[in-house]
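Beneath this line is the structure, given in structure tokens, with notes to follow.
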Amino acid sequence: MGLYFNLSSEEKEYVKKKSFFCIIIYDIVSNKRRLKFAKLLEGFGIRVQRSCFEVDLEKSNYRSLLSELQAFYDADQLDNIIVYLGNREETLRLNTDEVEIEKEDCLFF
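Just so we're aligned, residue 9 is where the sequence shown starts under my numbering, counting upward by one.
Quick look at the structure:
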């Protein structure tokens, strides 16, 4: 969604309510499929751990992401993909790795 540097505080609040913040975790057995899946997710968000991505999208892009995840999923391959929908303002980070986040309103402890 980009930075909110040119928006008023009222506009920022409006935009935040229109976005979907989610965590996507996955366990995919096939190395080839796992790499392909990670490349897919890199187009939507950022990797925060080996099998975990943070994504912050507008509603239409969120729907597109869900469609692509459902198209990728293959139960016969024993894929496990979980999407947690949350609130960025309620995110607590306790880590030593520096993860580059494009959002100005994240706090690291």
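Each residue gets a CB set at the ideal place from its N, CA and C atoms; glycine is no exception.
Roughly how many whole angstroms lie between the Cα atoms of residue i and residue j?
| i | j | result |
| --- | --- | --- |
| residue 76 | residue 15 | 31 Å |
| residue 92 | residue 49 | 14 Å |
| residue 69 | residue 57 | 22 Å |
| residue 89 | residue 18 | 35 Å |
| residue 114 | residue 32 | With a pLDDT of 45 at residue 114, under the threshold of 50, the modelled position of that residue is not reliable, and the figure given next carries that caveat. Answer to the nearest angstrom: the Cα atoms are 18 Å apart. |
| residue 37 | residue 47 | 16 Å |
| residue 63 | residue 43 | 18 Å |
| residue 55 | residue 97 | 19 Å |
Please identify the residue among the options whose C-alpha is closest to the C-alpha of residue i.
| i | options | result |
| --- | --- | --- |
| residue 65 | 19, 26 and 17 | 26 |
| residue 95 | 18, 29, 43 and 58 | 29 |
What did DSSP end up calling residue i once you bin it into helix, strand or coil?
| i | result |
| --- | --- |
| residue 96 | helix |
| residue 71 | helix |
Would you kindly report the start and end of the unbroken beta strand (DSSP E) that includes residue i?
| i | result |
| --- | --- |
| residue 65 | 60-66 |
Assuming residue i contacts residue j under a Cβ cut-off of 8 Å, what Cβ separation, rounded to an integer in Å, is found between them?
| i | j | result |
| --- | --- | --- |
| residue 53 | residue 45 | Not confirmed; about 13 Å, so no contact. |
Quick check on the DSSP output: the alpha helix (DSSP H) that includes residue i runs from which residue to which?
| i | result |
| --- | --- |
| residue 45 | 39-50 |
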